[in-house]
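A.B. asks: Here it is: the structure, laid out below.
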Amino acid sequence: MTVVVGTAGHIDHGKTTLLRALTGIDADRLPEERRRGMTIDVGYAHLRLADGSELDFVDVPGHDRLVGNMLVGAGEIDAAMLVVAADDGPRAQTIEHLELLDALGIGDGIAVVTKIDAVSPERVAEVVAQTAELLARTRLAGVRVVAVSATRGDGLAEVREELARLRDRLAAEGGPGGPARLAIDRVFSVKGRGAVVTGTLRGDARVGRGDMLRLLPGDRVVRVREVQVHGETVERATAGRTALGLAGIEATELHRGMVVTVDPAVIATDRILVALRPAAGLSGTQASLPADRARVRVHAGTEQIGAAVGRSGRDAAELPSGEVSAILRLERPVAFAPGDRFVLRRPSPTETLAGGRVIDIEPPRGVARRRMTPERLMALAAAADVDASGAARLDLHGAIADGGVRLAADVAAGMEAAILTEVDGTPAGRRLADLRSIVASDLRRNVRLSPGHAREAAADTIEGLVADGALERDGDMVRRPGYAPTGQSRALLAAMDRLVAALDVLAPPSLAEAARVTGCPPEGIRALEAASRIVRLDDDLAYAAATYAALEERAATLATAGPLTPAAFRDATGTSRKFVMAILEDLDRRGVLRRTPDGHVPGPRAAAAGIGVNR
Ligand SMILES: Nc1nc2c(ncn2[C@@H]2O[C@H](COP(=O)(O)OP(=O)(O)OP(=O)(O)O)[C@@H](O)[C@H]2O)c(=O)[nH]1
Ligand SMILES: [Mg+2]
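The numbering of the sequence shown is the numbering used here, which starts it at 325 and goes up by one.
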């Protein structure tokens, strides 16, 4: 693995000079940086270790106004190199950067007390002690503090040795793992070669020429035209600092903060469930977590974005780890994967509020929010591996549709019970299609699924019950095993089926007329209504359940696009005013739609009808 080390420390303390002394590379590449002798944007360098392997560095500015750029650099590192000038000692950004590294969960690195040529040995010892004391209050407690002079060269060999040990320690831990991706930190356009992006390639990654990558947010597909590592063109890159020439996109369409990835676990989302931990509070006052509805800045990867914190009700649970859960609503979608670390800062006056990690990139919405209990949040936050977190996430959501539909154990059991209850209520049996629709809409009162996915889950569960022998299939009917119909009920069932078929059209005849033609007696109509095989809108108008479900879905979809007028709905369904008025009135009464002077719009129960369900 290629370890990426990020510098940190107060302005002018010698970060860039130390890197130049170690690697021979000047990370201050911008003309303005060279003129002013200070780092403004993130810079890069790499070091060849004694065994021939290489170590990557990200160099950051120490200026207090450039903390945003420091975080771009620190967002994708494995370890830190804290630099403290021996003459100055720890200063404001020494402390601020340490707090930020701690919030980002950086747990290994090295500290360097530099410029020792300018002070007495006593002063060096004093600053080394102060630095170790500060580190002790963070996750970097106990890392080596090495005294050097970057200009004279004292101590540089020791720094190199410690960096090699650092690399070995991190390699032994198996690297950061996680989804393969590159968070873009620089974009430029090379004449004749098109757009080029740079960043740190992370996760179990392997990116080669010709690969197709997803660009987030926006979900565009781009092709890798060329891969470069440390300025050399290579067939493929596996980790560390990487430059990618991209085809199928202009440089102007790319910017810092975007992510290219091959892993479907990375998605662009504007709402995340997170676990927060208050910042270390190294400067004395202990920072407190942002309150509910507080406006914050989220720094994640190479991106930063405004967000509102949700810490009320079900969103806020105290986790045994000492963290608390919260929802972050981002100003626009940003690429995230589960487990990602980030920092929350107050915009002004700026202060580091908290460090956090993402526990769900698509937290429960709508009815599924009722399942967000502290126990389920804790289980998800504590999940140690992909399997455990997959199971905990399913339990939190109740149902997840990714390819197929999966149901949580309690939801699956509830659905089986509901199916058996339905069937027990009609000994003669239920039509499979009706049973499917009924239990599917039942399911959607408890979990968030699209109508199609809910029907798929219903069909699977019914199949399962048939396979187990709890139900029996007879043509398109489902019933309990062992039912023996009499001659009379057989005739009634046939008449009921005929009536359902007659009402299975967009403009059905009057109910009385349909009953007469199909020979279905009143008790047959009552039985059909009780079994929800037909939907009765008024005395003389009824639809087959499936037809009505389709009409409802159509109306709901149209109403999300803008107010739906009776005339527009009539044209969309090719029926007449009589039918659309009755349907719209029914949907209004049930809260699926709401009537406004301009037409019908989604009502309070719109979500239950499938509006706004994105997956
Ligand atoms: N005497 C002495 N001077 C040093 C040493 N290292 C750096 N300097 C000087 O300190 C000044 C700042 O060095 P930089 O490396 O630019 O500091 P920096 O931490 O990168 O600064 P920013 O990027 O602006 O935060 C320069 O004038 C360096 O020449 C050292 O070991 N000894
Ligand atoms: Mg610098």
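Where a beta carbon is used, it is the ideal one built from N, C-alpha and C, also for glycine.
1) Skipping 5 residues on each side, what residues in its chain have a beta carbon closer than 6 Å to that of residue 473?
2) Got a sec? Which residues, its chain only, sit under 6 Å from residue 852 by beta carbon, not counting five neighbours each side?
3) Which same chain residues end up closer than 8 Å to residue 655 when comparing Cβ atoms and leaving out the 5 residues on each side of it in sequence?
4) Apply the 10 Å Cβ neighbour rule to residue 402 and answer buried if 16 or more other Cβ atoms are within range, or exposed otherwise.
5) Once the 5 residues before and after residue 800 are set aside, which same chain residues still bring their CB inside 8 Å of it?
6) Pick from 463, 875, 781 and 338: whose alpha carbon is nearest that of residue 601?
7) Contact check, residue 469 vs residue 435 under 8 Å by CB: the rounded distance?
8) On the DSSP letters alone, give me the boundaries of the alpha helix (DSSP H) that residue 454 sits inside.
9) Which residue's Cα is closest to the Cα of residue 507: 572, 494 and 584?
10) Exposed or buried, residue 423, counting other C-beta atoms within 10 Å across all chains shown (16 or more means buried)?
11) Under 8 Å: do the stretch 702-722 and the stretch 620-629 share three or more Cβ pairs, one atom per stretch?
12) Give me the Cα-Cα distance between residue 823 and residue 764, rounded to the nearest whole angstrom.
13) Using beta-carbon positions only, say whether residue 739 and residue 697 come within less than 7 Å of one another.
14) Ends of the alpha helix (DSSP H) at residue 359?
15) For the beta strand (DSSP E) holding residue 377, just list the boundary residues, first then last.
16) How far does the alpha helix (DSSP H) with residue 418 in it reach, from first residue to last?
17) Helix, strand or coil for residue 623 per DSSP?
18) Any idea what DSSP makes of residue 367, helix, strand or coil?
19) So, with DSSP's three-state summary, where would you put residue 750?
20) Please list, following the chain, all residues that have a C-beta closer than 5 Å to any non-hydrogen atom of ligand 2.
21) Which residue or residues does DSSP assign as beta-bridge partners of residue 406?
22) Per DSSP, what are the beta-bridge partners of residue 867 in this structure?
23) Could you tell me the distance, in whole angstroms, from the CA atom of residue 668 to the CA atom of residue 598?
24) In whole angstroms, what separates the C-alpha of residue 832 from that of residue 746?
25) Considering only C-alpha positions, which residue in the set 889, 910 and 855 is nearest to residue 865?
26) Can you tell me whether residue 853 is helix, strand or coil according to DSSP?
27) Consider the C-beta atom of residue 441 and the heavy atoms of ligand 1; say whether any pair is separated by less than 6 Å.
28) Where do the ends of the alpha helix (DSSP H) carrying residue 777 lie?
29) Compute the distance between the beta-carbons of residue 586 and residue 643, then report whether it is under 7 Å.
30) Would you call residue 354 buried or exposed, if buried means 16 or more other Cβ atoms sit within 10 Å of its Cβ?
31) Does the distance between the C-beta of residue 335 and the nearest non-hydrogen atom of ligand 1 fall short of 6 Å?
32) Is it true that the CB of residue 611 sits closer than 7 Å to the CB of residue 603?
33) Residue 941 lies in the beta strand (DSSP E); which residues open and close that run?
34) Could you check whether residue 692 and residue 771 sit closer than 7 Å to each other, using their CB atoms as the reference points?
35) Where does residue 652 sit, in a helix, a strand or coil, going by DSSP?
C.D. replies: By the coordinates alone:
1) 440 and 441
2) 820 and 858
3) 594, 629, 630 and 631
4) buried
5) 755, 756 and 757
6) 463
7) 4 Å
8) 445-460
9) 584
10) buried
11) no
12) 23 Å
13) no
14) 355-360
15) No beta strand (DSSP E) contains residue 377, which DSSP labels as neither H nor E.
16) 416-427
17) strand
18) strand
19) coil
20) 339, 340 and 363
21) 332 and 435
22) 859
23) 11 Å
24) 26 Å
25) 910
26) helix
27) yes
28) 775-792
29) no
30) exposed
31) yes
32) yes
33) Any answer about residue 941 is impossible in this case: the structure gives the chain only from 325 up to 939.
34) yes
35) strand
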